[in-house]
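*Asks:* Encoded as structure tokens, here's the structure I'll be asking about.
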Ligand SMILES: Cc1cc2nc3c(=O)[nH]c(=O)nc-3n(C[C@H](O)[C@H](O)[C@H](O)COP(=O)(O)OP(=O)(O)OC[C@H]3O[C@@H](n4cnc5c(N)ncnc54)[C@H](O)[C@@H]3O)c2cc1C
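In our numbering, the protein residues as written are 6 to 468.
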């Protein structure tokens, strides 16, 4: 049975919202526009109002008003997601969490932190550094996203191969449910068998089951040494075989990223680099000085066995940054391939044993495209992306790219993988979710209906 989609205009609750939020309520057109899109290709659809709460109780009061009056609620982190999760498809109230940016506790001995949902990952890492804690927060999507948004999308990034995703790194949450009730899930204990695992139901729920207002995350010791390396290969197969052997050898690589030759060419031009125009692996190793040297040398030997003989590495920070420049600039280099391009970003993930086959198949699929389409990704997890720099004013091009996107999803699912490794479902992958899980999506809808019978929480997304 479909979820309800009849909602009231925000007008019915505006007087109450004004009383509660005063000048932290905005009806300004520019502000509304800015809250009606993320960085994806999806068209902007602004909410009818935006509020900036400071604490959980204020979020709860606003959500209760929306619940009692059937007004949609769209949580907003920093708007860096790529599947249209914040697009207000049914209008309603955007709850912008950026003013909830207090770090509530850093527990050095336990290596965890409790933060309000609007704290960003750079902010937390800066605080860990300036406080001389010797700890780092490791989940690193490319953007400076909010921890609430990262939990909501079950985000990950290049260091997931060593440290895990937001799923593994979220210990506890404070949630405002669709009826305005506040609950706490999980604890600061490292493990628990206490009842249903609600924390991990809400991690990845993309604002459809409630608003995350506080997040407790794991931290890790800052590595004594870091080495970075890059190595060009003469083929994707050789590059991926090197990755597989490095993982099988148990080398605890901290990051392992593969860029195809199309992207290497794009970043060479964008960043004035002269990397060899072949598939290239970017590595990072963390540990003690001796351990890092040992890991790097072992990886170098394995790379050489697979034809990667031009392995360069460094421990000095400036040199490390120079080696990784191409990876850092990847997204902007793709966008610079065409004037006024909109990024059509795809993200699939497959078992690593299927990585070479799928990466090559992805390249074959996009080689037919009338626009450039680099393939690259966090290959230690089997996760890779294609970014199409799309002409936003050309519907034929959108249709063409949508066709390739579908082929990439079909391929990943046929290989036993998933339609998204880290970007989430949003509005962009709802069909793909059904394709991946079939009637399990009905179970997701039952959960949604139980927690949000009026479908006010981010309607039109995920399920
Ligand atoms: C250059 C670039 C590189 C990127 N690389 C990666 C990557 O490597 N890995 C990766 O995972 N992602 C990546 N992303 C995508 C993005 O950064 C992540 O999806 C991030 O987790 C989004 O966080 P946000 O705070 O911007 O959330 P938003 O975009 O504001 O929101 C995303 C979704 O979460 C919901 N939401 C936000 N806050 C809350 C909350 N407090 N409670 C409940 N729901 C909430 C929203 O309603 C929406 O559905 C990249 C983005 C860019 C621009």
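We put the beta carbon where it would ideally sit given N, CA and C, even for glycine.
1. Answer with buried or exposed for residue 369, where buried requires no fewer than 16 other C-beta atoms within 10 angstroms of its C-beta.
2. Suppose you measure from the CA of residue 101 to the CA of residue 199; what does that come to, to the nearest Å?
3. Within this structure, are the beta carbons of residue 420 and residue 359 separated by less than 8 Å?
4. Between 228, 259 and 266, which lies nearest to residue 241 when the distance is taken from Cα to Cα?
5. Going by CA-CA distance only, name the one from 237, 16, 295 and 229 that's closest to residue 98.
6. How would you write the range of the alpha helix (DSSP H) that residue 5 sits in, first residue to last?
7. Relative to ligand 1, is the shortest distance from any of its heavy atoms to the C-beta of residue 43 smaller than 7 Å?
8. Output the distance between the C-alpha atoms of residue 7 and residue 433, rounded to the nearest integer angstrom.
9. Considering only residues of the same chain and omitting the five flanking positions on each side of residue 378, which have a CB-CB separation below 6 Å?
10. Out of curiosity, what's the CA-to-CA distance linking residue 239 and residue 283?
11. Taking the alpha carbon of residue 86 as the reference point, which residue from 57, 42, 70 and 124 has its own alpha carbon closest?
12. What are the uninterrupted segments assigned as beta strand (DSSP E) that are 3 or more residues long and contained completely in the stretch 33-88, given in chain order?
13. Flag residue 208 as yes when its Cβ comes closer than 7 Å to any non-hydrogen atom of ligand 1, and as no otherwise.
14. Which two residues bound the contiguous beta strand (DSSP E) that contains residue 316?
15. Nearest-angstrom Cα distance between residue 114 and residue 137?
16. Would you call the stretch 149-165 and the stretch 248-255 in contact, with 3 or more CB pairs under 8 Å?
17. Any heavy atom of ligand 1 closer than 7 Å to the Cβ of residue 319?
18. Mind checking whether the beta-carbon of residue 217 lies closer than 7 Å to any heavy atom of ligand 1?
19. Going by alpha carbons, who is nearest to residue 233 out of 305, 178 and 211?
20. Give a yes or no on whether the C-beta atoms belonging to residue 348 and residue 44 are separated by under 8 Å.
21. Using only the alpha-carbon positions, how far apart do residue 422 and residue 357 sit?
22. Quick check on residue 157: does DSSP put it in helix, strand or coil?
23. Residue 412 to residue 236, Cα distance in whole Å?
24. What is the rounded straight-line gap between the Cα of residue 426 and the Cα of residue 388?
25. Is residue 338 near ligand 1 - that is, is its Cβ less than 7 Å away from at least one heavy atom of it?
26. Using a Cβ-based criterion (distance less than 7 Å to any ligand heavy atom), does residue 102 qualify as near ligand 1?
27. Mapping DSSP to helix, strand and coil, what is residue 409?
28. Using only alpha-carbon positions, find the residue among 428, 374, 414 and 384 that is nearest to residue 402.
29. How about residue 410: is its Cβ closer than 7 Å to a heavy atom in ligand 1?
30. Whose C-alpha, out of 24, 78 and 376, is nearest the C-alpha of residue 181?
31. Give me the DSSP bridge partner(s) of residue 349.
32. Would you kindly check if the distance between the Cβ of residue 178 and the Cβ of residue 150 is under 8 Å?
33. Give the straight-line distance between the Cα atoms of residue 148 and residue 50, rounded to the nearest whole angstrom.
34. State the Cα-Cα distance for the pair residue 26 and residue 154, rounded to the nearest angstrom.
35. Helix, strand or coil for residue 246, going by three-state DSSP, please let me know.
36. Out of 329, 290, 140 and 187, state which residue places its alpha-carbon closest to the alpha-carbon of residue 279.
*Replies:* Concretely, from the data shown:
1. Exposed, because fewer than 16 other Cβ atoms sit within 10 Å of the Cβ of residue 369.
2. 32 Å
3. The beta carbons of residue 420 and residue 359 sit closer together than 8 Å.
4. 266
5. 16
6. One cannot answer for residue 5 here, as it falls past the ends of the chain, which runs 6 to 468.
7. Relative to the non-hydrogen atoms of ligand 1, the Cβ of residue 43 comes within a distance shorter than 7 Å of at least one.
8. Going from the Cα of residue 7 to the Cα of residue 433 covers about 18 Å.
9. 371, 391 and 393
10. 6 Å
11. 42
12. 54-56 and 78-81
13. no
14. Per DSSP, residue 316 lies in no beta strand (DSSP E) and is assigned neither H nor E.
15. 13 Å
16. no
17. False, no ligand heavy atom lies under 7 Å from that Cβ.
18. yes
19. 305
20. yes
21. 10 Å
22. helix
23. 30 Å
24. 6 Å
25. no
26. yes
27. helix
28. 374
29. no
30. 78
31. 393
32. no
33. 22 Å
34. 22 Å
35. helix
36. 329
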